[in-house]
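Taking the numbering used here, the leading residue of the sequence shown gets 986, the next gets one more, and so forth. Written below as structure tokens is the structure these notes are about.
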Amino acid sequence: MKHLALLFAALLATAVTAATALGGHGNSGPPQCGAFGDKLVVNVTYSLTNDFDSGVHGNAWANDTIGRHVQVWQSGSTTFCAVINDNGSFVTFAGDSPGGTGTVSAGIKGQINGGYVTTMFTGTLDPSPTYKTHGNLGTFDLQCTDAYTCPGAHPSFLSYFTGSPAWDYVNWGWTYHTAKNGNWTNASTGNVGDITG
């Protein structure tokens, strides 16, 4: 839930959710994004640190470190879509569990997998974007706090457009896996499981 809140100031994955969220096509995108003839105009990776995660009760339950792969596909002159793949790790804070069924102790470590796919949207590519369009962009510290202020600057697929293109999700989801404390999936299809103990 937090990832949506952070990235879009309003609203956060094992292989099943990742495959579902990404249409089962990995980095090539679902049929409507990256179809034959579409042009890959952005293909970057970067890392995010100190990315606080919120559970169903709104509390910060974990600190994430994410490796993100962003691809933007162009279809025609002004039509685009984006595919975002996330893989990384988390360490829990003590408090309410992410799924809200109990509590979780501090220091539990786990892995994150997931991402999201956008709808097709109309936009104009920035002729001089802040970030390069291909390759690795490095590491960005989000500097999050318990109050969900995250002043650290970081890129998103929208960084490559002028104005604010209107878009929505085709689907999204992240799964959080631990060795002994359970798994939690937070997805557009619903939440499943929890991490407790």
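Where a beta carbon is used, it is the ideal one built from N, C-alpha and C, also for glycine.
Coarse secondary structure for residue i, derived from DSSP in three states
i       : result
Phe1142 : helix
Ala1176 : Checking the displayed sequence, the identity of residue 1176 turns out to be Asn instead of Ala. Looking at Asn1176 - three-state DSSP - the assignment turns out to be strand.
Gly1084 : coil
Thr1181 : coil
Gly1167 : coil
Thr1147 : coil
Trp1159 : strand
Beta-carbon contacts of residue i that lie in its chain and below 7 Å, excluding the five residues immediately before and after
i       : result
Gln1096 : Ser1074 and His1162
Gln1128 : Asn1035, Cys1135, Pro1136 and Gly1137
Trp1152 : Thr1103, Thr1104 and Phe1106
Thr1088 : Gly1080, Asp1081, Ser1082 and Thr1181
C-beta contact flag for residue i and residue j at 8 Å
i       : j       : result
Ser1082 : Gly1043 : no
Asn1072 : Asn1098 : yes
Ser1062 : Asp1023 : no
Asn1048 : Val1076 : yes
Val1026 : Leu1110 : yes
Gly1108 : Pro1150 : yes
Gly1158 : Asn1171 : yes
Thr1064 : Met1105 : yes
Outcome for residue i when other beta-carbon atoms lying within 10 angstroms are tallied against a minimum of 16
i       : result
Tyr1101 : buried
Thr1160 : buried
Gly1092 : exposed
Leu1007 : Its pLDDT being 40, under 50, Leu1007 is placed unreliably by the model, and the measurement read from it follows with that caveat. Leu1007 comes out buried.
Ala1045 : buried
Thr1174 : exposed
Phe1078 : buried
Phe1037 : buried
Chain D within 8 Å of residue i, Cβ atoms only
i       : result
Ser1074 : Note that chain D does not occur in the displayed structure, where there is just one protein chain.
Other residues of its chain near residue i: CB distance less than 6 Å, five sequence neighbours each side excluded
i       : result
Ile1069 : Val1055, Gly1100 and Tyr1101
Ala1067 : Val1057, Thr1103 and Phe1142
Ser1032 : Gly1052 and Thr1124
Lys1094 : Val1076
Thr1050 : Thr1034, Gly1073 and Ser1074
8 Å CB neighbourhood of residue i in its chain, flanking five on each side removed
i       : result
Tyr1145 : Val1026, Val1027, Val1057, Leu1110, Asp1111, Pro1114, Tyr1116 and Thr1118
Thr1086 : Asp1179 and Thr1181
Asn1176 : Val1041, Gly1084, Trp1169 and Thr1170
Just list the beta strand (DSSP E) runs in the region 1088 to 1142, keeping only unbroken ones of 3 residues or longer that don't cross its boundaries, in chain order. For the region 1088 to 1142, whole beta strand (DSSP E) runs of length 3 or above, ordered along the chain, are 1094 to 1103 and 1119 to 1126.
Please give me, in chain order, every unbroken run of the beta strand (DSSP E) with length at least 3 that falls completely inside the region 1014 to 1079. Runs of the beta strand (DSSP E) inside the region 1014 to 1079: 1024 to 1039, 1045 to 1060 and 1064 to 1077.
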